[in-house]
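Right, one structure below, let's go through it.
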Amino acid sequence: MDMSDGPVRLGIIGCGNVTEKRHLPAIQSVSDLQVVALADIDDGSLNRLADRFRVAKRYNDYRALLADQDVSAVAVCAPLSFHAEMALGALEAGKHVLVEKPLASSLDEADALIERAAHSPCKAMVGYNLRWHRLVRQAREIINQGRLGRIELAAAVFTAGTHFKSDVLEWKKRRALGGGVLMEFATHYFDLWRFLLDAEVEEVHASTRSDQWDDVTGTLTAHLSNGALATAYFSEWTSDRNELHIYGQAGSLHLDLYRFDGLESVPLFRAPGNIGGRLSHFGRSLRQLPRGVRHFRRGGEYYASFIAQWRHFAESIQEAVPLECTLEDGRRAMQIALAALKSASTGQAVRVEHAPREITPPGPRQTG
Ligand SMILES: NC(=O)c1ccc[n+]([C@@H]2O[C@H](COP(=O)([O-])OP(=O)(O)OC[C@H]3O[C@@H](n4cnc5c(N)ncnc54)[C@H](O)[C@@H]3O)[C@@H](O)[C@H]2O)c1
2 MDMSDGPVRL GIIGCGNVTE KRHLPAIQSV SDLQVVALAD IDDGSLNRLA
52 DRFRVAKRYN DYRALLADQD VSAVAVCAPL SFHAEMALGA LEAGKHVLVE
102 KPLASSLDEA DALIERAAHS PCKAMVGYNL RWHRLVRQAR EIINQGRLGR
152 IELAAAVFTA GTHFKSDVLE WKKRRALGGG VLMEFATHYF DLWRFLLDAE
202 VEEVHASTRS DQWDDVTGTL TAHLSNGALA TAYFSEWTSD RNELHIYGQA
252 GSLHLDLYRF DGLESVPLFR APGNIGGRLS HFGRSLRQLP RGVRHFRRGG
302 EYYASFIAQW RHFAESIQEA VPLECTLEDG RRAMQIALAA LKSASTGQAV
352 RVEHAPREIT PPGPRQTG
């Protein structure tokens, strides 16, 4: 492990969508981090990204990247089924590691990782980037100040036209390999509900459709430990939305994570169309416009959450700042997803503490 001064020297395993569109561009804005090596089994992706982002070291076998003494930290951005093996390898090799979400494909894998990390001086975190979204941070402050009162309800929507944007590799279409909305999309919100509401998800009831691929569209309801109810819908076959609504006994909070001015706090008894509320929202939007334009040029507010996430990772290594999204957090989000997958297959509500340890195969409840 390289603890010398200078930027953290990062190797990234997996040169697919998230590495190309999010991580490599975001890391360019983080002076404490430098990408020194890439690995991918696909030569075309490896060389294309290495050329474009001027990364000199390229490996087809990720184990060669792990053995590289010049690499002090590793990002695991390969498909889910490789996460645990690669992250474990990184810790064994004495490297800090950021594992993309979800943490692993079984609770046994997650537990092995947590156990290994507990006996390592290296940092290990999970990449739930929405925790670092500016509006999520603001929402958390408002909730922590008690301004919404007791939380009654949380609702989320996360949708995308995944198939329109890129060639979708087979793993994203197969539940057993980590694909489908409950693993790919919903785990973001399982983590966010825990982070924002400081509560655990105790029970889930999910329903999915699998016509284009496994779990391409899904809905979910949940009971939280603070008594709140949560509901969410997800799809990979429609237009892009990423929204969160939180309703408390003293007011509600509405977040659109794709907009720079996407946070609205609505006090009790103010109708949504109320002119005073609309004017103050308009004023806030105007004040935030310069920031919005600045960020728009660099990929938008959502993308900025990746920059903030990487800054936190580098800072936690260099300045021994405690990590915010730990392997335990990743395990918890995964356990909720495993319960949701079982629920989607059986049609029954599932207590999270009774979640199966592995991914439940798609059942007769899914149409296809
Ligand atoms: N935080 C986010 O918002 C976000 C967004 C997208 C994806 N992700 C996560 O990032 C991970 C990757 O997703 P993606 O969309 O980039 O997937 P992708 O399918 O586009 O890319 C995966 C890459 O890994 C490579 N790969 C496969 N097996 C490998 C191996 N054994 N060694 C090295 N490389 C290998 C593939 O060739 C491919 O280039 C997933 O866990 C996904 O859930 C997170």
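Quick note, the sequence shown lines up with residues 2 to 369 if you use this note's numbering. Even for Gly, the Cβ is constructed at its ideal location relative to N, Cα and C.
For the set S211, F191 and A156, the Cα lying nearest the Cα of K173 is the one of S211. Burial check for S32: the Cβ neighbour count within 10 Å stays below 16, so the residue is exposed. Under the three-state reduction of DSSP, N48 is assigned to helix.
Per DSSP, the unbroken beta strand (DSSP E) holding A40 starts and ends at L34 to A40. Membership of V217 in any alpha helix (DSSP H) is not indicated, and neither H nor E is assigned to it by DSSP.
Collapsing the DSSP output to three states places L25 in a helix. Secondary structure at S306: helix, using DSSP grouped into helix, strand and coil. A356 places its beta carbon less than 7 Å from that of L339. Closer than 6 Å to some heavy atom of ligand 1: that describes the Cβ of D41. Taking a contact as a CB-CB distance under 8 Å, the pair V158 and G219 does not count as one, their CB atoms being some 11 Å apart. Between the region 103-114 and the region 68-87, the count of C-beta pairs closer than 8 Å reaches three or more; the two stretches touch. Relative to ligand 1, the nearest heavy atom lies less than 6 Å away from the CB of N18. In this structure, the CA atom of Y129 is about 7 Å from the CA atom of D192. Your pair T188 and A334 checks out as a contact, with CB atoms roughly 5 Å apart and the cut at 8 Å.
Below 8 Å, enough C-beta pairs join the region 260-268 and the region 301-308 to call them touching: three or more. In the structure shown, the three-state DSSP call for E116 is helix. Checking the DSSP bridge columns, you'll see E204 partnered with H224 and R352. Sequence-distant partners of L245 (beyond 5 residues in either direction) whose C-beta falls short of 6 Å from its own C-beta, in its chain, are A157 and L256.
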